[in-house]
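> As you go down the protein sequences, you meet chains A and B in turn.
In terms of numbering that gives the first Met the number 0, the first sequence opens at residue 0 and continues consecutively.
In terms of numbering that gives the first Met the number 0, the second sequence opens at residue 0 and continues consecutively.
Think of the CB as a built atom: it goes at the ideal place given N, C-alpha and C, for glycine as much as any other residue.
My questions all concern the structure below.
Protein chains: 2
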Amino acid sequence: MPAVKRAPKGAKKADTQTDKRKSVPLREKPARKASAPAIEFDALNEHLGYFVRRMQVSIFQDFIRRLARIDVSPAQFSVLVVISANPGLSQSELASALGIERARLVRMLHRLELRNLTVRLPSSADGRRHALELTREGEKLLAKAKVLADEHESCLREQLGAERHQTLLAILKTF
Amino acid sequence: MPAVKRAPKGAKKADTQTDKRKSVPLREKPARKASAPAIEFDALNEHLGYFVRRMQVSIFQDFIRRLARIDVSPAQFSVLVVISANPGLSQSELASALGIERARLVRMLHRLELRNLTVRLPSSADGRRHALELTREGEKLLAKAKVLADEHESCLREQLGAERHQTLLAILKTF
DNA sequence: TATTGTTATACTCTATAACTATA
DNA sequence: TATAGTTATAGAGTATAACAATA
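Here is the structure:
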């Protein structure tokens, strides 16, 4: 057995339910038993949020898998794309454009900078700001990332059908 | 000043860049300066994942805000709905139906059980399984949650337009 | 052996708050 | 005083691994 040893455990929480669980089987509806009856999603079927969430998770999983070999996450991809397209952008501007917390962006840029993909240059106009840019290496990696991301998108377009893909993109952009 | 005191800080990471930052302004493209020029999203404009993510975050924020007073998160809502519609469901079945980790569901049910909303009954057929059900209190809270969730959805339908809302729901369901 | 529920761990993300240095 | 960048912290969420009880 490796080092792990198992800490003494919080107790309390588990105990409150042990009584019920180990004691008399109060009652139990026959409902779910035989041959895998399809699960009913009820109210969730009318809620966009549920399906949007499922799709987002699924899309991100594919994106992450495809860009794993260059180690670029969806969030990192969006940061690299926007810096490249808007060189000199400040961290605040970038964060608010992408809906990322300023504080989180700091750590993201930290890692990107350690990998020599981005730089924070001093802004000549305002001593508080950083002018963000990609390094040459950053631009090269972004180019590779865009190829992989396009493959990802093509696969998605194929899954959905070009028309639905287009419709979806159009509707989401209006939101 | 309250207790906080500030730990000695990791150093190293911050230092590696301090040199660059405090030293000569290497160069800086004039690009972003004057009157808030619109930010360019470039490749992101073609990626469904980016917009799906933005929409999901936005929808969840509204959902969370509206159900805050009954303290029900989107994930909790989906769990309550599915248990109510499929009484006797096991934790594994529920987890896989909703795409939640088995381990995470344990903690979620823990909290719901502490609030007296759900119960884990022993399964008569299989000693390993729990038969999940809502308590009467759970059903009552779920009824309230459904009302609020419907209001949330109505607002969303209004924002998008009924037609686009319908189209979106239909396409997402095929995915 | 495999499965169900459970605990633990580690890492990411989100949300705040507070600090510094500049403005 | 306000803003830009930074650090710290707490809470969720995600991903694993391991374990006990049961099959």
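M54 of chain A touches chain B at which residues, Cβ-Cβ below 7 angstroms?
Here residue 54 of chain A refers to the residue found at position 55 when the first sequence is read from its first residue. V51, L171, F174, listed in chain order.
> According to DSSP, is E39 of chain A helix, strand or coil?
Within the first sequence, residue 39 of chain A is the residue found at index 40, counting from 1. Coil.
> Using the C-alpha atoms, what's the distance from G98 of chain B back to G98 of chain A?
Taking the first residue of the first sequence as position 1, residue 98 of chain A is located at position 99. Taking the first residue of the second sequence as position 1, residue 98 of chain B is located at position 99. For G98 of chain A and G98 of chain B, the distance between alpha carbons rounds to 25 angstroms.
> Count the other C-beta atoms from every protein chain shown that fall within 10 angstroms of the C-beta of N85 of chain B, then say buried if there are 16 or more, exposed otherwise.
Position 86 of the second sequence, counting from 1, holds the residue named residue 85 of chain B. Classification of N85 of chain B: buried, given that the 10 Å Cβ count is 16 or more.
> With respect to the alpha helix (DSSP H) encompassing E138 of chain B, which residues constitute its N-terminal and C-terminal limits?
The residue labelled residue 138 of chain B in the question sits at position 139 within the second sequence. Per DSSP, E138 of chain B belongs to the alpha helix (DSSP H) from 135 to 159.
> Flag this pair as yes or no: are the beta carbons of A96 of chain B and F59 of chain A separated by less than 9 angstroms?
To locate residue 96 of chain B, count along the second sequence from 1; it is residue 97. To locate residue 59 of chain A, count along the first sequence from 1; it is residue 60. Cβ distance not < 9 angstroms, so A96 of chain B and F59 of chain A don't count as in contact.
> Since R68 of chain B is in the beta strand (DSSP E), which residue starts that stretch and which ends it?
In the second sequence, counting from the first residue as 1, residue 68 of chain B sits at position 69. That residue, R68 of chain B, is in no beta strand (DSSP E); it is neither H nor E in DSSP.
> Can you name the residues that DSSP bridges to S119 of chain A?
Within the first sequence, the letter at position 120 stands for residue 119 of chain A. For the sequence presented, residue 119 of chain A should be read as Arg rather than Ser. A:L131, per the DSSP bridge assignment.
> Which whole-angstrom value describes the C-beta separation of A74 of chain B and M107 of chain B, a residue pair presumed to lie in contact below a C-beta threshold of 8 angstroms?
Locating residue 74 of chain B in the second sequence gives position 75, counting from the first residue. Locating residue 107 of chain B in the second sequence gives position 108, counting from the first residue. Contact flag correct, Cβ pair sits at about 7 angstroms.
> Which residues of chain B have a Cβ atom closer than 7 angstroms to the Cβ of E45 of chain A, listed in chain order?
Sequence index remark: in the first sequence, residue 45 of chain A carries index 46 (1-based). Near E45 of chain A (Cβ distances below 7 angstroms), the residues of chain B are E152.
> Between S57 of chain A and S91 of chain B, what straight-line distance do the alpha-carbon atoms span, to the nearest angstrom?
Taking the first sequence and counting its residues from 1, one reaches residue 57 of chain A at position 58. Taking the second sequence and counting its residues from 1, one reaches residue 91 of chain B at position 92. Answer to the nearest angstrom: the Cα atoms are 20 angstroms apart.
> By DSSP's criteria, L88 of chain B is part of a beta bridge. Which residues make up the other side?
As a position in the second sequence, residue 88 of chain B is number 89, starting the count at 1. DSSP output for L88 of chain B lists B:L131 as bridge partner(s).
> For R65 of chain B, which option in B:G160, B:A161, B:C154, B:Q158 has the closest C-alpha, if you only look at C-alpha atoms?
Along the second sequence, one-based indexing puts residue 65 of chain B at 66. Of the listed residues, the one whose Cα sits closest to R65 of chain B is B:C154.
> Can you pull out the residues from the region 73 to 89 of chain B whose beta carbon lies closer than 8 angstroms to at least one beta carbon of chain A?
From the region 73 to 89 of chain B, only P73, S77, V80, V81, S83, A84, N85, P86, G87, L88, S89 have a Cβ closer than 8 angstroms to chain A.
> CA-CA distance, I82 of chain A and I63 of chain B?
As a position in the first sequence, residue 82 of chain A is number 83, starting the count at 1. As a position in the second sequence, residue 63 of chain B is number 64, starting the count at 1. Straight-line Cα distance between these residues: approximately 32 angstroms.
> Would you call the CB atoms of K143 of chain A and I69 of chain A closer than 9 angstroms?
Your numbering for residue 143 of chain A matches position 144 in the first sequence. Your numbering for residue 69 of chain A matches position 70 in the first sequence. Yes, they are a contact pair.
> In the structure shown, what three-state DSSP assignment does F62 of chain A receive?
As a working note, residue 62 of chain A is residue 63 in the first sequence. DSSP places F62 of chain A in helix when its eight states are reduced to three.
> Can you list, in chain order, the residues of its chain with a C-beta nearer than 6 angstroms to that of A130 of chain A? Leave out the 5 residues immediately preceding and following it.
The residue labelled residue 130 of chain A in the question sits at position 131 within the first sequence. Closer than 6 angstroms at the Cβ level, and outside the excluded window around A130 of chain A, lie G87, L120, S122.
> Is A42 of chain B close to chain A, meaning its C-beta is less than 9 angstroms from at least one C-beta of that chain?
Here residue 42 of chain B corresponds to residue number 43 of the second sequence, with the count starting at 1. Interface residue, yes.
> Which two residues bound the contiguous alpha helix (DSSP H) that contains H109 of chain B?
Taking the first residue of the second sequence as position 1, residue 109 of chain B is located at position 110. It spans 101 to 113 - the alpha helix (DSSP H) in which H109 of chain B sits, taken as one unbroken run.
> At a Cβ threshold of 9 angstroms, is E136 of chain A touching chain B?
Numbered from its first residue, the first sequence carries residue 136 of chain A at position 137. No, E136 of chain A lies away from the interface with chain B (no Cβ there is under 9 angstroms from its Cβ).
> Within the same chain, show all residues whose beta-carbon is closer than 8 angstroms to that of S77 of chain B, passing over the 5 residues directly before and after it, in chain order.
Position 78 of the second sequence holds residue 77 of chain B. So the qualifying residues of the chain are L97.
> Can you pull the chain A residues whose beta carbon is under 9 angstroms from the beta carbon of L168 of chain B, in chain order?
The residue you call residue 168 of chain B lines up with position 169 of the second sequence. Those are N44, E45, H46, L47, F50, listed as they occur along chain A.
> State yes or no: is the beta carbon of R163 of chain A nearer than 9 angstroms to at least one beta carbon in chain B?
Taking the first residue of the first sequence as position 1, residue 163 of chain A is located at position 164. Output row for R163 of chain A: interface = yes.
> Less than 8 angstroms between C-beta atoms, sequence neighbours within five positions excluded: which residues of the same chain meet that for E112 of chain B?
The count along the second sequence starts at 1 and reaches residue 112 of chain B at position 113. Same-chain partners within the cutoff: V118, R119.
> Does any residue of chain B bring its CB to less than 9 angstroms from the CB of I69 of chain A?
Position 70 of the first sequence, counting from 1, holds the residue named residue 69 of chain A. Not an interface residue.
> I need the straight-line Cα distance from Y49 of chain A to L43 of chain A, nearest angstrom please.
What you label residue 49 of chain A is simply residue 50 of the first sequence in a count that begins at 1. What you label residue 43 of chain A is simply residue 44 of the first sequence in a count that begins at 1. Using only the alpha carbons, I get a separation of about 6 angstroms.
> Can you give me the Cβ contacts of H151 of chain A inside the same chain, cut-off strictly under 7 angstroms, excluding the 5 residues immediately before and after it?
Position 152 of the first sequence, counting from 1, holds the residue named residue 151 of chain A. For H151 of chain A, where only same-chain residues beyond five positions count, the Cβ hits under 7 angstroms are D61, F62, R65.
> Would R128 of chain A be called buried (16 or more neighbouring beta carbons within 10 Å of its own) or exposed?
As a first step, residue 128 of chain A must be located in the first sequence, where it is residue number 129. Its Cβ being crowded by 16 or more others within 10 Å, R128 of chain A is buried.
> Could you name the residues of chain B that A148 of chain A contacts, counting a contact when the two beta carbons are closer than 8 angstroms?
Sequence index remark: in the first sequence, residue 148 of chain A carries index 149 (1-based). What A148 of chain A touches in chain B: A42, H46.
> Give me the residue from B:G126, B:R135, B:R53 with the minimum Cα distance to L79 of chain B.
Numbered from its first residue, the second sequence carries residue 79 of chain B at position 80. Minimum Cα distance to L79 of chain B is reached at B:R135.
> What residues from chain B crowd round I58 of chain A, counting only those whose CB sits closer than 7 angstroms?
Numbered from 1 along the first sequence, position 59 holds the residue referred to as residue 58 of chain A. The contacting residues are L47, G48, V51.
> For Q55 of chain B versus R52 of chain A, is the C-beta distance shorter than 9 angstroms?
The residue given as residue 55 of chain B occupies position 56 in the second sequence. The residue given as residue 52 of chain A occupies position 53 in the first sequence. It is a contact, given that the beta carbons lie within the stated cut-off.
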